[in-house]
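Quick note: the sequence shown uses the numbering used here, first residue 3, plus one each step.
Ideal placement from N, C-alpha and C gives every residue a C-beta, glycine not left out.
First the structure, in the form of structure tokens, and then the observations on it.
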Amino acid sequence: MAALVGALGLSAGAWAGPVEYYPTGAPPSARPFSEAVRVDDILYLSGEIGTTESGALASGGLPGEARQVMENIGAKLRKRGLGFDDVFKCTVMLADITRWAEFNAVYINYFKPGRLPARSAFGANGLALGAAVELECSAKFPD
3 MAALVGALGL SAGAWAGPVE YYPTGAPPSA RPFSEAVRVD DILYLSGEIG
53 TTESGALASG GLPGEARQVM ENIGAKLRKR GLGFDDVFKC TVMLADITRW
103 AEFNAVYINY FKPGRLPARS AFGANGLALG AAVELECSAK FPD
């Protein structure tokens, strides 16, 4: 490993930063993943669907779920002192990729012009709880 690290021109500690796991608060048997993981100055959020505090999908179909997804992501960012300005990458999963424009109409409102994250999107054959959309994001902590 040391030879590979040296060959790539990296210092031995380049990837040796702290890793913090933020649990979901639910029992691991119910949600066997972390809500977020921080590696050095990057926060990786798990995929988020549009559920309300009751655990039910938000009403209003895809637009309603998309708004709730963005609010849920925003809350997880704020919990760690971050906001949408700190997001640099998102991955969108849509149960019906033909509804791309409906999702975009909601999504774009959460970012400042000229500060849109890099993004990937794909159609998925079945999302958790029958959701119409799932979104995962990565954000950078300020220096």
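DSSP, read as helix, strand or coil, puts residue 66 in helix.
Of all alpha-carbon atoms in 75, 90 and 71, the one lying nearest the alpha-carbon of residue 105 is that of 71. Beyond the five residues adjoining it in sequence on each side, residue 68 comes within less than 6 Å, by CB distance, of 105, 108 and 135 in the same chain, given in chain order. Around the beta-carbon of residue 52, 16 or more other beta-carbon atoms lie within 10 Å, marking it buried. One alpha carbon belongs to residue 78, the other to residue 48, and they sit about 10 Å apart. Secondary structure in the stretch 47-130: the beta strand (DSSP E) runs of 3 residues or longer, each lying completely within the stretch, are 89-96 and 120-125 in chain order. In this chain, residue 133 is not harboured by any beta strand (DSSP E), its DSSP state being neither H nor E. By the C-beta density criterion, residue 55 is exposed, having fewer than 16 other C-beta atoms within 10 angstroms. Rounded to the nearest whole angstrom, the C-alpha separation of residue 119 and residue 92 is 7 Å.
Non-local beta-carbon contacts of residue 123 in its own chain, meaning distances under 6 Å to residues more than five positions away in sequence, involve 94 in chain order.
In the DSSP assignment, residue 25 is bridged to 36.
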